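Asker: Just add 6 to wherever you are in the sequence shown, counting from 1, and you've got the numbering used here.
Just so you know, even glycine gets a beta-carbon here, dropped at the ideal spot from N, CA and C.
Here the structure is a predicted model, which means the values were calculated and not measured.
The structure follows.
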Amino acid sequence: MVDFGGWDMPVNYGSQIEEHHAVRRDAGIFDVSHMCVIDARGPRVREFFSRLLANDVAKLTVSGKALYSCMLNEAGGVIDDLIVYFLTESWFRVVVNAGTRDTDLVWMRKLAPQFGVELTERIDLAMLAVQGPNARAKVAELLPAEHRDAALALEVFFGRELGPWFVARTGYTGEDGFEIMLPADEAARVWRALNEHGAKSAGLGARDTLRLEAAMNLYGNDMDESQNPLESGLAWTVSFENPARDFIGRKALEALKGSGLQKKFVALLLEDRGVLRGHQKVIVAGQSDGEITSGTFSPTMEKSIALARVPRATGATVQVDVRGKLLNARVVKAPFVRHGKILVS
């Protein structure tokens, strides 16, 4: 057990490698109750999120649809990355990270009164992520008959209330699955029932190797308030389309684009023997140095992989300083693995 955002969390329940493979090949369960669920209500809640988020909630037109976005400060730095669900025109639900929950709530509560929005932290809810190619089927077996078809019919990045559960087809592993928000006192019973249906308990270790294979950013490693989304592989989450939408951080990001971005975010595959880790120096010929933000040994690929922030002019190959030795690495297209398939050769 380790401290993670103020919570005691398991690194693994048994074999971390077995937990990783279970998610890629069958199904695994993660306790993600440390994530902070916030309900935002009010007649102007859409306007509130339009100002608060870099991505545009105007894209959310169907009830239950989710949107991934960064929440920025005025300088364009990333306060947090999050998922917001559109439920009704007066009710949105947002899920933020554990380590930033206090900062996020202060930031959101500072803006909310301008739009008459009421924010409620749902401390009554636990959250379980069930991930893997067979995850949805295993969850459906636990649902009352009247909810099974609705759960299995959920499209990717949609969520809906099914009885006392809020079930979303989202995740952080590169596999299919559900994230379930449910009354906290039901979580242990549901966990054990999922175990009985063949879903393997999985901890932080497997969660990290899975998300890195899927090239998904981790807040605090791959971006934070000192980094902007345009140089963190998250330009796709920033919507500039509506010139009238003055989201917080927009002016700073437009100024950065205008002056020319100096860095870019890349995926690296190590060609030599070794393990890539965060904060290792990336050597780029003829350029300033870059830095690995997240690195690990990929159980699926049996190779070392990483995400890194490097100079804009970085080409197809780099070297990484691993304990004083310069090892060769190749810049590859992300992600490394999705839906059980290796995408990088």
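1) Using a 10 Å radius around the Cβ and a threshold of 16 neighbouring Cβ atoms, would you call H285 buried or exposed?
2) Quick one: grab the DSSP three-state call for Y301.
3) What residue range does the alpha helix (DSSP H) around S21 cover?
4) Thinking just about the alpha-carbon of each residue, which of S310, F10 and P341 is nearest to the one in G180?
5) Tell me whether the beta-carbon of P305 lies closer than 8 Å to the beta-carbon of H26.
6) Taking all protein chains shown into account, decide if G264 is buried (16 or more other Cβ within 10 angstroms of its Cβ) or exposed.
7) If contact is defined by three or more beta carbon pairs under 8 Å, each pair taking one atom from either stretch, is the region 276 to 294 in contact with the region 325 to 336?
8) Return the chain-ordered list of same chain residues with a C-beta closer than 8 Å to the C-beta of M15, the five sequence neighbours on each side being excluded.
9) Can you check which of these residues, A135, A46, A194 and I311, is closest to R128 by C-alpha distance?
10) Tell me the rounded alpha-carbon separation between V281 and A221.
11) Looking at the unbroken alpha helix (DSSP H) that takes in A193, where does it start and where does it end?
12) With the cut-off set at 8 Å, would you say P189 and P170 are in Cβ contact?
13) Judging by CA-CA distance, which residue of L148, L131, L117 and Y178 is the nearest neighbour of R52?
14) Could you tell me which uninterrupted alpha helix (DSSP H) segments, each at least 4 residues in length, are contained entirely in the region 57 to 141, listed from first to last along the chain?
15) If distances are taken between C-alpha atoms only, which option among F121, S207, A273 and K347 comes closest to S21?
16) Starting from the C-beta of A314, find all residues in its chain whose C-beta is less than 7 Å away, skip the five residues before and the five after it, and write them out in chain order.
17) Pick out the complete beta strand (DSSP E) segments inside the region 265 to 321, 3 residues or longer, and give them in chain order.
18) If you count every other CB in all the chains shown that lies within 10 Å of the CB of G266, and 16 or more means buried, which is it?
19) Exposed or buried, what is L276 when buried is set at 16 or more other beta-carbons lying within 10 Å of its beta-carbon?
20) Quick one: is K270 buried, meaning 16 or more other Cβ sit within 10 Å of its Cβ, or exposed?
21) Quick check: what's the CA-CA separation for R142 versus D182?
22) Following the continuous beta strand (DSSP E) through A46, name the residue where it begins and the one where it ends.
23) With which residues is N334 paired in a DSSP beta bridge?
24) How far does the beta strand (DSSP E) with D37 in it extend, from its first residue to its last?
25) Report yes if the C-beta distance between D86 and Y225 is below 8 Å; otherwise report no.
26) In this structure, does DSSP put G209 in helix, strand or coil?
27) Give the secondary structure of E2 by DSSP, where H, G and I count as helix, E and B as strand, and everything else as coil.
28) Where does L236 sit, in a helix, a strand or coil, going by DSSP?
29) Pair every Cβ in the region 91 to 107 with every Cβ in the region 211 to 220, then say whether three or more of these pairs are closer than 8 Å.
30) Should S56 go down as buried or exposed, given a rule of 16 or more other Cβ atoms within 10 Å for buried?
31) At what residues does the alpha helix (DSSP H) containing L188 begin and finish?
32) Kindly give me the distance between the Cβ atoms of A88 and S75, rounded to whole angstroms, as I take these residues to be in contact under 8 Å.
33) Which word fits T176, buried or exposed, when buried means at least 16 other C-beta atoms lie within 10 angstroms of its C-beta?
Answerer: Put simply:
1) exposed
2) One point to set straight first is that residue 301 is Gly, not Tyr, in the sequence displayed. Of the three classes helix, strand and coil, the one that applies to G301 here is strand, per DSSP.
3) Neither: S21 is in no alpha helix (DSSP H) and is coded neither H nor E.
4) P341
5) yes
6) exposed
7) yes
8) M7, V8, D9, D37, H40, G209 and L210
9) A46
10) 17 Å
11) A193 to E202
12) yes
13) L117
14) 107 to 117
15) S207
16) V272, L274, V288, G296, E297, I298 and T299
17) 269 to 276, 287 to 289, 296 to 304 and 309 to 317
18) exposed
19) buried
20) buried
21) 8 Å
22) C42 to R47
23) Q325
24) G34 to D37
25) yes
26) coil
27) Outside the displayed range of the chain (7 to 351) lies residue 2, so it cannot be described from this structure.
28) helix
29) no
30) buried
31) Not the alpha helix (DSSP H): L188 falls in the beta strand (DSSP E), residues G183 to P189.
32) The residue you asked about is not Ala; residue 88 is Leu in the sequence shown. Between S75 and L88 the Cβ distance is about 6 Å, and since that is below 8 Å, they are a contact.
33) buried
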